[in-house]
Every structure is written in structure tokens, then in C-alpha cells.
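Participant: In this note's numbering, the protein residues as written are 1 to 355.
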Amino acid sequence: MDAETKEICKFYQGKRVLVTGHTGFKGSWLCEILKQWGAEVTGYALPPVEPSLFVLAKVQEGMRSIEGDIRNFTQLEAVFDEVQPELVLHLAAQPIVRTSYEDPVYTYETNVMGTVHILECVRRHPCVKSFVNVTTDKVYENKEWEYGYRELDRLDGYDPYSNSKSCSELVTHSYKQSFFADGSCAISTMRAGNVIGGGDFAKDRIVPDCIRAALKKEAVVLRNPHSIRPYQHVLEPLSVYLTVAAKQYMDRSFEGSYNVGPDDEDCVSTGRLADFFCEFWGEGLHWENHYDGGPHEANFLKLDCSKLKKTFAWKPRYHVREAVQKTVEWAKAYERGEEMQAVTREQIAAFFEEK
């Protein structure tokens, strides 16, 4: 572990941290890191949908897990009253594009009003000194240009999911200007690219679809193999969220909006990502193009992460091939029935040692 990571790790020892969406894929990895770093972790989220990383890796051990809906302001505020968090990391969301077309009202209620609720709780609780809202790379008005989008580019997601996250950004900005200009709480939003990693079982995502097909000994079905996305291992953005939350807690000049994504060379097509997966899985696994003409999704999307790199001297630790390899290793261990808490913790330790 390098000196910078050691400093961040030491910062979290004994800190009261509230994570929303902790039973989800990213939230589970995040809580496991925080626990290992000695934080007092409380999670607030809907019950996990099994199979789930949260259950398989026994993430609940060593933390407080509260089941609740981010749309329930009364319950959420009661959690703040009791926990008195010092840092809040907001990951709770309806995160699937296709689901947002099927149920746009639920998507907006969760992603927009959920943000209002969490920020209102932060406003009412001066114990909170650092707040990070995790959104998505899809918040930008996507013109499918070759260059990566920058933090100052126009926000205007196309589909209900992307648009609800754009709204979440605007809500955060408004609260920041209206209620936190006095410096009482540092606030940042994080716009992460597509994440992959062990323990993601969501529907309509490329890697979980690959894993399900591999376990069934079937061909992988791709809806749009030519779409290009900024794929990265889940631990990449999580390490950045933790860094930003800690740094802005100590120095408010670090607050802002940050893109978190891979280098240009690791922005690959869905087909190329599936090639990597099939290569590492072996056993004759292959993919087939079954374009279904479904609802609109962007074909090309990249992020410009120069702000993050300049501010924090940051760079990705894994290339996309390594990210896929780590994901396959986790999934193979799951297939063999290994103890997934140990596997998950080993991958976290390796990630922070390999910088």
C-alpha cells in the first residue's frame, strides 16, 4: 500500500460513515473496504436481491445494516438522528437503463427525490462534514463525439435513468449553493463509467449476462456488440470516492464534480469486452450477436478524467483486460463454491497493494 493510500486508510479509522445503497454491487464492495479500514459503517438500502454479493461475501458482518427505502424520508432522517454520520456516500439508485423505460416514475422517485431526501438529511445534521453523490457517466448530453466528456459539458441524459441522474446532479448543485456555501459540509458528485467486477448479478448488464451464460454452458447473447463504453473494475471508482470524501473532509477546496473512468485505450466495444471474458473463462465459451432493436442507448461514450488525474495525481490501476480477468477469477471461485468473503477481501487487498 503506497503512502497516499495509507493516509486515506488511516483517515477512516473510527469515522462514522453512512453508505446508502450498501446492499447493491458497488455498495457491498465499498462497505467491505471501509470495514477493513476501521470505519464505523452504517448502511441504508433495500433488502439485497439474491444472489447478491452482500449475502455471499457476508458484508453485513462488522457493520450495521438498515433496510429502508431512500424514498422514505421519515425513516432516513431517523437513521441520521441515531447514527450521527460524519461522512455520507450516496449510492442508492435505480441503476438500469432498460428498467427506467419500464418504470420511469419509480426511477425518478428513487434517483431524484432520493437525492433530495439524503441532502435534506445532511442539511439538518451538522455532524456531516463530507457528502459524495455517486451518479454516472451518462449524465452528459451525449452527442457521440470522439472526445471524452468533461465536467463542464452540458448535462442532459437521454433515457429516464440517465436523465434522472442528470437531475440528481442539479439537485446536488442547488443544495450546495443554497445551504452549504458556509463551508459546513463539503459536497462532491462522482460520474463513473461502466463498472465490472465479481458479485454483479444485475439483469441487462454485459458481464453478469456473460457469467450467467458461462455457468449455464450457453453462448453469450449480446444486444449491441458495437457500443463503446468506458469499462473499469469496480474498485477503481470506489477508491476515488473514498479519496475525494476524505480529502474534502480535510480541505473543502477539493469538493466539486469528477469524472472517473479508464484511459482511452480501455474504452472498448461490448463485443471486445465479451472477447476478453470468453478468453479468460475458456471452456469454448463464445458470444452471438442478437441485436434486438430495444430502447435507445448510446453507442459511443467516453469520459475525460484529466481533472481527477491532475487534482489527485490519480491513474487507473487495472487495464480493461485485467479488470475482466479479476472478474472471471471471482466468478470461477463462486462456481467452485469457495468462501466468497475471503475471495472478495483478497481482491481488495491485491488492488490496493498493486498500485
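Beta carbons are placed, not taken as given, at the ideal position from N, Cα and C, and that holds for glycine.
Just checking my contact of Val-260 with Pro-237 at CB under 8 angstroms: how many whole Å lie between their CB atoms?
Facilitator: 4 angstroms
Participant: For Trp-314, name the three-state secondary structure that DSSP assigns.
Facilitator: In the structure shown, Trp-314 adopts coil according to DSSP, grouped into three states.
Participant: Would Val-139 and Lys-165 be called neighbours here (beta carbons separated by less than 8 angstroms)?
Facilitator: yes
Participant: How big is the Cα-Cα spacing for Val-328 and His-125?
Facilitator: Separation of Val-328 and His-125 (C-alpha to C-alpha, rounded to the nearest whole angstrom) is 42 angstroms.
Participant: Within 7 angstroms: the Cβ of Glu-288 and any heavy atom of the ligand ATP?
Facilitator: Because no ligand of any kind appears in the structure shown, any question about the ligand ATP cannot be addressed here.
Participant: Anyone know if the C-beta pair for Ser-52 and Thr-99 falls short of 8 angstroms?
Facilitator: no
Participant: Ignoring anything shorter than 3 residues, give me the beta strand (DSSP E) runs that lie fully in the region 59-109, in order along the chain.
Facilitator: 64-67 and 87-90
Participant: Write down every uninterrupted run of the alpha helix (DSSP H) in the region 159-223 whose length is 4 residues or greater and which is fully enclosed by it, in chain order.
Facilitator: 160-179 and 206-215
Participant: How far does the beta strand (DSSP E) with Ala-57 in it reach, from first residue to last?
Facilitator: Careful: Ala-57 lies outside any beta strand (DSSP E) and carries neither H nor E.
Participant: Please name the residue in Thr-270, Glu-265 and Glu-151 whose C-alpha comes closest to that of Ile-228.
Facilitator: Thr-270
Participant: Would you identify the three-state DSSP class for Pro-225, choosing helix, strand or coil?
Facilitator: Pro-225: coil per DSSP, three-state reduction.
Participant: In the DSSP assignment, find the unbroken alpha helix (DSSP H) run with Ser-376 in it and report its ends.
Facilitator: There is simply no residue 376 to check, as the chain begins at 1 and stops at 355 in what is shown.
Participant: Counting along the chain, where does the alpha helix (DSSP H) carrying Trp-287 start and finish?
Facilitator: No alpha helix (DSSP H) contains Trp-287, which is instead part of the beta strand (DSSP E) from 287-289.
Participant: I'd like the list of long-range same chain contacts for Gln-232, defined as Cβ closer than 8 angstroms, with 5 residues on each side in sequence excluded.
Facilitator: Correct list, in chain order: Ala-192, Gly-193, Asn-194, Val-195, Ile-196, Val-260, Gly-261, Pro-262, Asp-266, Pro-316, Tyr-318, Val-320 and Ala-323.
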